[in-house]
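Worksheet: one structure, shown below.
In my numbering, the protein residues as written are 1469 to 1601.
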């Protein structure tokens, strides 16, 4: 018994699969990283508002994509505060010898388990979008 299979119709399949893989890697990973950064960012802003006097620190907190430290598989977002808008941020985060610390960024990082769940949900949503023609 012998079989004969004509694979000529599948010539473009490898290229299509490779394109889909690149799109998934780019779009889905970016959506997941952005969702994680948003959770940490929101928590940091909430923590900064607890010891609010002028609101400068809370308005100076940002999240930004870092393309120079990202590559195809690693997407990096920075969550920090703008040191020009709120140069006193480190004094509030770490305290001084005379003033207690009111950390806002370090406790926000403790929300990473929730951030991972948000990222998984966002990545699944984005993957479903990509599967739709």
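Ideal placement from N, C-alpha and C gives every residue a C-beta, glycine not left out.
Quick caveat: nothing in here was measured; it's all calculated off a predicted structure.
Going by beta-carbon coordinates alone, are residue i and residue j separated by less than 8 Å?
i, j, result
"residue 1569", "residue 1528", "no"
"residue 1504", "residue 1583", "yes"
"residue 1595", "residue 1507", "no"
"residue 1516", "residue 1525", "yes"
"residue 1510", "residue 1598", "no"
"residue 1543", "residue 1501", "yes"
"residue 1580", "residue 1567", "no"
Measuring alpha carbon to alpha carbon, tell me which of the options ends up nearest residue i.
i, options, result
"residue 1592", "1544, 1497, 1551, 1539", "1497"
"residue 1556", "1572, 1542, 1534, 1544", "1572"
"residue 1562", "1552, 1574, 1551", "1574"
"residue 1552", "1540, 1539, 1541, 1530", "1530"
"residue 1539", "1513, 1600, 1490", "1490"
"residue 1549", "1578, 1512, 1520, 1518", "1512"
Could you give the first and the last residue of the continuous alpha helix (DSSP H) run that contains residue i?
i, result
"residue 1603", "No statement about residue 1603 is possible, as the shown extent of the chain runs from 1469 to 1601 and does not include it."
Could you tell me whether the Cβ of residue i comes closer than 8 Å to any Cβ of chain D?
i, result
"residue 1581", "No chain D is part of this structure, which consists of one protein chain only."
Using 8 Å for Cβ pairs, my map puts residue i next to residue j. What's the rounded Cβ distance?
i, j, result
"residue 1546", "residue 1534", "5 Å"
"residue 1483", "residue 1590", "No, residue 1483 and residue 1590 are not in contact; Cβ-Cβ is about 28 Å, not under 8 Å."
(message) My parser needs the alpha helix (DSSP H) runs of 4 or more residues fully inside the stretch 1489 to 1570; what are they?
(response) 1497 to 1518, 1524 to 1528, 1557 to 1562
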